[in-house]
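Last residue of the sequence shown? That's 322 in UniProt numbering, and every number before it is there in order.
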Amino acid sequence: MNEELIIKYIAGEADQEERLRVENWIAENSGNKREFERMEKLWKAFGDRGEEAPQIDLDMVWADFLRKRDARENRLHLLHSRRKRRTMNALGVAAALLVFCTLGFWTLRAVLSVENTLKTAMQVQHAELPDGSTAHLNTHAEMTYRKDWLGRDRKVHLVRGEVFFDVSRDPEHPFVIESGKSKITVLGTSFHVRREGTDTEVIVASGSVKVAHGRQELVLKPDQMVVVSDTAKKEIRVKPVPDQLYRYYVHEEFMFENTPLQRVFDVLGKAYGKKFLIQDPQTKTLPYTATFEQQSLKDMLEVILKTFDLKMQHRDSIYYIN
C-alpha cells in the first residue's frame with residue numbers, strides 16, 4: 001500500500017474511493033492493521049509539537065550507518081563472537097528504523113500542516129472534516145481549516161456564506177469557529193453559522209454553543225439565535241428562532257408551516273438568488289403550509305401561485321406577484 005495514500009487517509013484528505021482502498025487493505029490481514037496503527041500512533045506521539053522539520057541528508061545518514069556497521073562487523077568477525085554479532089545486527093535494525101521513522105514523521109507533518117479551503121459557487125457541498133464532523137456549505141460559502149487537528153483544538157475559520165455543522169463530541173478538543181471578531185465554541189452539537197459583511201449569525205439546532213465577542217460571552221440553547229456585528233458595542237441579545245427554514249440547504253428541503261407568504265418568498269429568493277415582490281399587503285400575511293423536497297424553483301412557484309390563484313410577472317430582474 002502506498003504510504004502517501006495512507007497519510008492522506010489519516011489526514012482526512014482521501015476521497016471516497018481512496019478511503020475504500022485503504023480500509024480494504026487494513027481488513028486484508030492483521031499485519032496491515034498493525035502497520036496502519038503504527039503510523040497513527042506515530043502522529044499521536046508527535047502531533048502536538050510545533051518544531052519545524054530538520055534538514056536530513058538521507059544519503060549521508062545511510063552511508064555513515066553502513067560504514068559504521070561494516071567496521072563493527074569486521075571486528076566482530078575477528079573476535080568470532082556470535083553474541084556480539086547479534087547485538088550489532090540489532091543496533092543496525094534500530095538505526096535503520098530510526099532513520100525511517102524520523103523521515104516518515106516529518107513527511108507526515110508536512111502533509112498535515114497545510115491549510116485546507118472549502119469553497120462553493122452555485123452548488124451546496126457536504127464535507128467530512130478530519131475529526132468526523134460534517135460541514136454543510138450553502139452556495140457562495142467559504143471556510144478554511146488546518147489539517148493537523150489530531151492532538152489539537154479543532155479550529156475553523158468562516159470567511160463568508162453560511163454553513164451548518166454537525167460536530168462530533170470530543171470534550172478534550174473543543175470545536176472552535178472564528179467568524180470576524182466573534183468566536184464560537186462547541187463540544188458536540190449541530191448549529192448554523194452565517195457570515196455576511198461584518199455580521200455573524202449563529203443558530204443552534206441541538207446541544208449548546210458558546211459565543212464570545214469582545215468581553216461578552218453567552219451560551220445558546222436549541223432554537224435560540226444571535227446576530228453579532230464586528231463593530232457592535234451594545235450587549236448581545238439572544239432571540240428565539242422564528243422557524244426551521246434557516247437550514248433548508250442541508251437536505252435541500254423547504255418545510256413551510258403556517259408561514260406568512262412574504263416569508264415564503266423571502267426564503268426562496270435567498271435560496272435561488274431571486275427578488276420577489278408581493279404587491280398586495282394582505283397577500284403578504286396569508287399563511288402557507290407545504291413541504292418541498294429537492295424540487296426545482298419553477299415547480300415550487302407553480303404550486304404556490306396556483307394555491308392562492310396568484311399571477312407573477314418578471315420585469316427588470318424583479319418578480320412581481322399579484
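Using N, Cα and C, we set each Cβ at its ideal position, and we do this for glycine too.
3 or more residues per run - each beta strand (DSSP E) lying fully within the UniProt domain "FecR protein" (120–210): 125–128, 134–137, 142–146, 154–166, 175–179, 182–186, 190–196 and 199–206
Which of helix, strand or coil DSSP assigns to MET300: MET300: helix per DSSP, three-state reduction.
Best match in SER30, LYS8 and MET225 for proximity to HIS192 [C-alpha to C-alpha]: MET225
LYS33 to ARG21 span [Cα, whole Å]: 13 Å
Chain-order list of residues whose beta-carbon lies under 7 Å from that of PRO240 (same chain, five-residue window excluded): ASP223 and GLN224
PHE276 and ILE321 closer than 8 Å at C-beta: yes
Close-in-space but distant-in-sequence residues of the same chain around GLY269 (CB under 7 Å, 5 per side omitted): LYS275 and PHE276
Boundaries of the beta strand (DSSP E) in which PRO287 is found, first to last residue: Counting along the chain, the beta strand (DSSP E) containing PRO287 begins and ends at 287–293.
The region 278–292 / the region 258–267 touching (three or more Cβ pairs under 8 Å): yes
Short CB-CB distance (under 8 Å) between GLU257 and chain B: No chain B is part of this structure, which consists of one protein chain only.
CA-to-CA distance, ILE203 to VAL267, given in whole angstroms: 16 Å
Identity of the residues DSSP links to ASN116 by a beta bridge: By DSSP's assignment, ASN116 forms a beta bridge with TYR145.
Unbroken beta strand (DSSP E) run spanning PRO260, endpoints: 253–260 is the extent of the beta strand (DSSP E) around PRO260.
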